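*Asks:* The structure that follows is given in the form of structure tokens.
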Amino acid sequence: MSSKINNLLTNLNDQLNFIDLEIDNQSTRCEKAIEIILKTIDSLRGVLLKTKFKTDAEEIKFFKEIKPQFTSKLIYYNTIFKIEMKRPNGGSRIVKKYYNNELVKLKAFFDNELEFYKYYRSGSTYLDHKYFLRSKFDIKMSLSSYYFEADTNFSTSHDYKVAKILANDLIQLYLENNLVLIGSKDNGEKSQRKPNLKMIWTSPKVALIELVYALHTEGVFNNGAADLKDIAEYFEHIFEIDLGQYRRTFLEIRTRKADRAKFLTTLNKGLLKRMEDTDEGI
Numbered sequence: 008m009s010s011k012i013n014n015l016l017t018n019l020n021d022q023l024n025f026i027d028l029e030i031d032n033q034s035t036r037c038e039k040a041i042e043i044i045l046k047t048i049d050s051l052r053g054v055l056l057k058t059k060f061k062t063d064a065e066e067i068k069f070f071k072e073i074k075p076q077f078t079s080k081l082i083y084y085n086t087i088f089k090i091e092m093k094r095p096n097g098g099s100r101i102v103k104k105y106y107n108n109e110l111v112k113l114k115a116f117f118d119n120e121l122e123f124y125k126y127y128r129s130g131s132t133y134l135d136h137k138y139f140l141r142s143k144f145d146i147k148m149s150l151s152s153y154y155f156e157a158d159t160n161f162s163t164s165h166d167y168k169v170a171k172i173l174a175n176d177l178i179q180l181y182l183e184n185n186l187v188l189i190g191s192k193d194n195g196e197k198s199q200r201k202p203n204l205k206m207i208w209t210s211p212k213v214a215l216i217e218l219v220y221a222l223h224t225e226g227v228f229n230n231g232a233a234d235l236k237d238i239a240e241y242f243e244h245i246f247e248i249d250l251g252q253y254r255r256t257f258l259e260i261r262t263r264k265a266d267r268a269k270f271l272t273t274l275n276k277g278l279l280k281r282m283e284d285t286d287e288g289i
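Sequential numbering from 8 applies to the sequence shown in my numbering.
Shown next, in the form of structure tokens:
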């Protein structure tokens with residue numbers, strides 16, 4: 008079962024990454040992501056129904072660690088979709104107030120689930136047999152009404168709450184990043200000292216596009232929340248360069264028959280050689 012589930016999760020992440028690269032509109036991106044996640048979760052349910060856990064520990068691991076990785080993505084994209092669809096038109100002050108109200112809602116969830124949140128975040132296990140085994144619920148543990156309507160063959164009393172915690176972490180990050188972006192626009196250019204030396208990109212544009220995609224894939228900006236478009240526009244700004252139709256260029260990069268990541272390979276080789284030369288005292 009583990010290999011099938013790992014493949015499902017890997018394929019899901021790959022598809023979501025592709026959507027993130029190809030679709031700029033946030034609402035459209037969420038719609039497409041939700042569609043893919045629902046199909047994947049349905050496949051996960053099919054795998055589970057054909058599987059009999061050998062031990063309680065295996066079942067606990069599935070519902071505490073594995074399933075929430077899938078359902079948290081559904082919660083995240085669905086929530087972001089609703090947030091963006093309800094986002095008011097208006098100036099930055101109105102939008103900031105709206106995003107801050109959404110952060111207040113997240114805090115309310117953590118406050119209401121503080122006991123379980125502490126249990127989960129601390130890595131505790133002494134109640135796992137009640138939280139993450141099917142049909143082992145304890146009515147005294149403030150269960151959500153959602154559980155009584157859920158498929159008890161595919162749910163426990165608290166696996167959804169784990170997924171909600173994971174999703175809320177990402178939602179909070181999304182909201183905070185948007186608030187930072189709004190604040191940056193309001194304040195104009197940062198007052199920090201700028202270097203006097205102007206840097207000009209002198210390698211081919213295709214090399215910079217390859218680098219931009221690599222950095223976005225690795226999630227090195229804003230804890231992985233930065234859009235591909237934002238990163239590309241940032242590099243265009245600091246280097247005063249027009250990357251043109253960079254998405255089409257990336258498609259051409261992908262069709263290379265030899266070294267598809269040619270520029271990154273060159274960077275890697277050059278850096279390793281420099282390290283080796285330094286080690287040898289050159």
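From the three backbone atoms N, C-alpha and C, an ideal C-beta is built for every residue, glycine too.
Just so you know, these numbers come straight off a predicted model, no measurement behind them.
1) With a CB to CB cut of under 8 Å and the five nearest residues on each side skipped, what residues in its chain are close to T215?
2) Looking at C-alpha atoms only, which residue of H244, T47 and L177 is the closest neighbour of N229?
3) Taking three-plus beta-carbon pairs below 8 Å as touching, is the region 226-240 in contact with the region 265-273?
4) Specify, as a first and last residue, the run of the alpha helix (DSSP H) that P75 falls within.
5) Could you give the uninterrupted runs of the alpha helix (DSSP H) lying entirely in the region 96-136, keeping only those of 4 residues or more?
6) My output table needs one value for E183: the three-state DSSP class, helix, strand or coil.
7) Hey, how far is the Cα of L140 from the Cα of N119?
8) From L180 to D49, what does the alpha carbon distance come to, in whole angstroms?
9) Three or more C-beta pairs closer than 8 Å, one from the region 17-37 and one from the region 86-97: is that the case here?
10) Go through its chain and collect everything with a Cβ distance to S79's Cβ below 7 Å, but skip five positions before and after it.
11) Measure the Cβ-Cβ separation of L274 and L182 and say whether it is below 8 Å.
12) On the criterion of 16 or more Cβ atoms from any shown chain inside 10 Å, does H244 qualify as buried, or is it exposed?
13) Distance, Cα to Cα, H223 vs L235?
14) Count the other CB atoms, across all protein chains shown, that sit within 10 Å of the CB of D63; report buried if there are 16 or more and exposed otherwise.
15) Just the Cα atoms here: how many angstroms apart are K264 and T256?
16) Give the straight-line distance between the Cα atoms of V187 and E240, rounded to the nearest whole angstrom.
17) So what does DSSP say about L274, is it helix, strand or coil?
18) Quick check: D158 and K71, are their CB atoms within less than 8 Å of each other?
19) Go ahead and label I101 buried or exposed: buried means 16 or more other beta carbons lie within 10 angstroms of its beta carbon, across all protein chains shown.
*Replies:* Short version:
1) In the sequence under discussion, the amino acid at residue 215 is Leu, which differs from the Thr named in the question. Counting only Cβ-Cβ distances below 8 Å, and skipping sequence neighbours, we find W208, F242, F246, I248 and L250.
2) L177
3) no
4) K74 to K93
5) 99-119 and 121-128
6) helix
7) 23 Å
8) 28 Å
9) yes
10) A170, L173 and A174
11) no
12) exposed
13) 6 Å
14) exposed
15) 15 Å
16) 17 Å
17) helix
18) no
19) exposed
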